[in-house]
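Mapping to the numbering used here: the sequence shown position 96 is 151, numbers consecutive. Cβ coordinates follow ideal geometry from the N, Cα and C atoms, glycine included. Below: one structure, written as structure tokens.
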Amino acid sequence: MNPQKPFPQAGEMFDLQLTFESEVFPALESFVRFGRQRNFHKALEIYSKKLEKHLDDAFLVTIEYADLLFEQGDYGKLSEFLGSRTAAREKAKVGHLVLEQSGADEEDQLLEVMKSLADIFREGALRQALVQARKCKDFLARKYQEGLKYPKKLPTNIQVSFPTQETYIKHSD
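Below is the structure:
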């Protein structure tokens with residue numbers, strides 16, 4: 056396949072990697088359960104054996120692993136992990152290695168906000184986190200103005216919406 060073209064030409068051979076829900080979700084459910092029970096050793100064992108290989112094709116794996124690192128208080132590793140995931144996603148976009156998927160921009164915003172939060176705990180980078188929070192709020196306001204499916208009012212503070220979950224970072228007055 057020509058690396059300059061994101062799609063193969065007729066007759067060209069190419070690799071296609073699909074993730075099946077039946078493979079990822081049961082392992083992810085166990086991973087989350089052990090993490091919530093604070094059995095981090097068992098959760099990390101499941102991650103390394105069954106989930107780590109799905110970081111590029113199952114966004115929930117990335118988010119749940121990041122959540123586990125946050126629960127452990129390993130903010131340095133969390134920041135490094137989120138930075139590497141953001142870089143990998145950017146590299147894939149630049150190299151046209153991924154198909155455009157619904158919600159990808161929102162996922163990128165979530166990774167950036169989570170990294171900023173980790174950096175607050177790791178190095179006290181409050182200003183950087185506030186700048187990122189503002190970027191995320193502006194992004195969501197633009198998405199709202201474009202008429203995408205977001206709340207019927209402009210987001211206040213930081214309001215990141217996903218079909219399966221909502222995450223709020225609120226500034227208390």
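Rounded to the nearest angstrom, what separates residue i and residue j at their Cα positions?
| i | j | result |
| --- | --- | --- |
| residue 86 | residue 199 | 34 Å |
| residue 181 | residue 136 | 19 Å |
| residue 170 | residue 161 | 14 Å |
| residue 177 | residue 109 | 27 Å |
| residue 127 | residue 139 | 19 Å |
| residue 129 | residue 145 | 24 Å |
| residue 101 | residue 117 | 14 Å |
| residue 99 | residue 147 | 26 Å |
| residue 104 | residue 96 | 12 Å |
| residue 185 | residue 115 | 25 Å |
| residue 188 | residue 89 | 30 Å |
| residue 201 | residue 81 | 36 Å |
| residue 91 | residue 179 | 26 Å |
Report, in whole angstroms, the separation of the C-beta atoms of residue i and residue j, which I expect to be a contact under 8 Å.
| i | j | result |
| --- | --- | --- |
| residue 79 | residue 113 | 5 Å |
| residue 236 | residue 132 | Because the chain here runs from 56 to 228, residue 236 falls outside it and cannot be looked at. |
| residue 232 | residue 141 | This structure cannot settle anything about residue 232, because the visible part of the chain is limited to 56 through 228. |
| residue 111 | residue 159 | With a Cβ gap of about 12 Å, residue 111 and residue 159 do not count as contacting. |
Can you find the residues in the same chain that come closer than 7 Å, C-beta to C-beta, to residue i, ignoring five residues on each side of it along the sequence?
| i | result |
| --- | --- |
| residue 119 | 83, 86 and 87 |
| residue 183 | 171 and 174 |
Leaving out five residues on either side along the sequence, give the residues of the same chain with a beta carbon under 8 Å from the beta carbon of residue i.
| i | result |
| --- | --- |
| residue 134 | 170, 173, 174 and 177 |
| residue 93 | 126 |
Going along the chain, which residues of its own chain have a beta-carbon closer than 6 Å to the beta-carbon of residue i, five neighbours each way excluded?
| i | result |
| --- | --- |
| residue 194 | 164 |
Exercise. Go through the region 168-201 residue by residue and report every complete run of the alpha helix (DSSP H) that reaches 4 residues or more, in order.
Key: The region 168-201 contains these whole alpha helix (DSSP H) runs: 181-200.
Self-check item: Segments assigned beta strand (DSSP E), at least 3 residues, entirely inside the region 89-129
Solution: Taking 3 residues as the shortest admissible run, the region 89-129 contains no complete beta strand (DSSP E) segment at all.
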